[in-house]
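Asks:
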Amino acid sequence: MPDVAISVILGASVTGSNKIMNELQELLASIAERLAKNPDRGQVADYIPELAKVDPNQFGIAVALADGRVLSAGDADTSFSIQSISKVFALSLALEKTGEALWGRVGREPSGDPFNSIVQLEADHGIPRNPLINAGAIVISDILLATRNPAAVIDEIVDFIRRAAGDDGIRIDPAIARSEQQTGYRNAALANFIRAAGNLEHEPSQTLEVYFHQCAIVMNCRQLALAGRIFAFGGRAGPTGDALISGDRARRLNALMLTCGHYDGSGDFAFHVGLPGKSGVGGGILAVAPGIASISVWSPGLNRVGNSKLGTLAMEELTAHTGWSIFGER
Ligand code: DON
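Residue numbers (my numbering): 827 to 1156.
1) What do you get for residue 927, buried or exposed, if any count of 16 or more other CB atoms within 10 angstroms of its CB means buried?
2) What residues match up with residue 845 in a beta bridge as DSSP calls it?
3) Taking 8 Å as the threshold, find out whether the segment 1118-1131 comes into contact with the segment 884-902 through three or more Cβ pairs.
4) According to DSSP, which residues form a beta bridge with residue 1111?
5) Just reading off the alpha helix (DSSP H) that residue 1132 is part of, what are its end residues?
6) Nearer than 7 Å: is that true of the beta carbon of residue 1086 relative to any heavy atom of the ligand DON?
7) Excluding five sequence neighbours on each side, which residues of the same chain lie with their C-beta closer than 7 Å to the C-beta of residue 935?
8) Could you check if residue 1138 is buried or exposed, using at least 16 other CB atoms within 10 Å of its CB as the buried criterion?
9) Identify the residues that DSSP records as bridge partners of residue 1031: which are they?
10) Could you tell me how far apart the beta carbons of residue 1044 and residue 877 are, in whole angstroms, since I believe they sit closer than 8 Å?
11) The beta strand (DSSP E) that contains residue 1093, what's its start and end?
12) Would you please verify whether the beta carbon of residue 940 is less than 8 Å from any beta carbon of chain C?
13) Expressed to the nearest angstrom, what Euclidean distance is found between the alpha-carbon atoms of residue 1073 and residue 870?
14) For residue 1069, does the three-state DSSP call read helix, strand or coil?
15) For residue 1089 and residue 915, what's the separation of their Cα atoms in angstroms?
16) By Cβ distance below 6 Å, which residues in the same chain neighbour residue 938 in space, the five residues on each side in sequence not counted?
17) Helix, strand or coil for residue 970? Go by DSSP, reduced to three states.
18) Is residue 944 helix, strand or coil by DSSP?
19) Kindly list the residues whose CB is nearer than 7 Å to the CB of residue 839, restricted to its own chain and excluding five residues on each side of it in sequence; keep chain order.
20) Roughly how many whole angstroms lie between the Cα atoms of residue 1000 and residue 1042?
21) Would you list the residues sitting across from residue 898 in a DSSP beta bridge?
22) Whole angstroms is fine: what's the gap from residue 836's alpha carbon to residue 1146's?
23) What residue does the beta strand (DSSP E) around residue 983 start on, and which one ends it?
24) Pull up the distance between the alpha-carbon of residue 1081 and that of residue 1098, whole angstroms please.
25) Do you know how far the Cα of residue 904 is from the Cα of residue 834?
26) To which residues does DSSP link residue 874 through a beta bridge?
27) For residue 864, which residues in the same chain have their Cβ closer than 7 Å to its Cβ, ignoring the five residues on either side in sequence?
28) Which of the three DSSP states is assigned to residue 907 in this structure?
29) Using the C-alpha atoms, what's the distance from residue 902 back to residue 918?
30) Regarding residue 1047 and the ligand DON, is the C-beta to nearest heavy atom distance less than 7 Å?
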């Protein structure tokens, strides 16, 4: 059973009493304390040289509520590369700009393959299975390029995330973008293949410039949890703020995150955690408890499918204690 007081937050008041907030804060602190000592931390991504330099002995967690309050523990103020978590924000922006026509160029099915896989593209005639794998995100970059040049599209993505988080300090780490640009042969292969199949309208170099820069956005757990509120609260970053995306889109983006957000580990994440979520090889995970909270966690070591090892464990512990799984309490 979940802790009773914390599960009261469910449905009822996200402005919960101080007692509930204190219990949630204690829960985050105890998760962070335990995981900080865990020696089995997974492997830091080393195929992007700049990410290989990150100290694996870090762990942060943050929970953002509708009213903008953030509870956090561990290294929640340390910035990290959000990598593929950017895909869900770029997709949101592309949907707002171009509407549902986007789905003619990218699917909505889980791939069951690694995030950078190329094998399905040939059978699927250059239409990526979904927008959250690399091939799909490259098509989304191409769609965003329809009205602007790469530098302007990159600014637009960063600005969208800044507005979602309510934080103008969010930025790109140029060293990480360069590191990917210099070593991203696999992404170049994906982009060239998609272009040959007729599903990229711009030169692969331009599309990849956007893609590599969005992956190089750096944020801390607090900022990421705040930005994720658009998915948790019907498109709005705050109770009185403008909607950045429609409530209908937020709901559908959550469905995509649940089925595709952890690549070939998506089934396992749904099984153990029970929340829509998006991971990145920088070790971050954004998860959404619809109507309750936006949660982010960061620990740089990855499991065998490229998702944060301790981050996943932390999310599992959190939903077990709060009853926030969308599949019901245990
Ligand atoms: O394109 C890549 O390979 C990276 N920039 C992003 C991959 C990623 O984050 C996959 N996430 N688990």
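Backbone N, C-alpha and C define an ideal beta-carbon position, used for all residues, glycine too.
Replies: The structure says:
1) Its Cβ having fewer than 16 others within 10 Å, residue 927 is exposed.
2) In DSSP, residue 845 forms no bridge with anything.
3) As far as the Cβ criterion goes, the segment 1118-1131 touches the segment 884-902, which means the pair count is three or higher.
4) 1105 and 1123
5) Element bounds for residue 1132: n/a, residue is neither H nor E.
6) Answer for residue 1086: no, Cβ out of range of the ligand DON.
7) 955 and 956
8) buried
9) None, per the DSSP bridge assignment.
10) Wrong, their Cβ atoms sit about 11 Å apart, outside the cutoff.
11) Segment 1092-1098 is the alpha helix (DSSP H) holding residue 1093; no beta strand (DSSP E) there.
12) Among the chains of the structure shown, chain C does not appear; only one protein chain is present.
13) 36 Å
14) Residue 1069 carries a strand assignment under DSSP once its states are collapsed to helix, strand and coil.
15) Taking the Cα positions, residue 1089 is about 17 Å away from residue 915.
16) If we look at residue 938 and ignore the five residues flanking it on each side, its Cβ neighbours are 1090.
17) helix
18) coil
19) For residue 839, the pLDDT reaches just 46, beneath the cut-off of 50, and the residue's location in the model is therefore unreliable, although a value from the coordinates is still provided. Closer than 7 Å at the Cβ level, and outside the excluded window around residue 839, lies no residue.
20) 7 Å
21) 888
22) At residue 836, the pLDDT of 47 sits below 50, so the modelled position is not reliable; the number obtained from the coordinates is stated separately. Answer to the nearest angstrom: the Cα atoms are 13 Å apart.
23) Residue 983 -> not in any beta strand (DSSP E); alpha helix (DSSP H) instead, spanning 976-991.
24) 17 Å
25) In this prediction, residue 834 has a pLDDT of 49, which is less than 50 and means its spatial position is unreliable; what the coordinates show is noted afterwards. So the alpha carbons of these two residues sit roughly 31 Å apart.
26) Paired residues: none, contrary to the question.
27) 1136
28) strand
29) 25 Å
30) no
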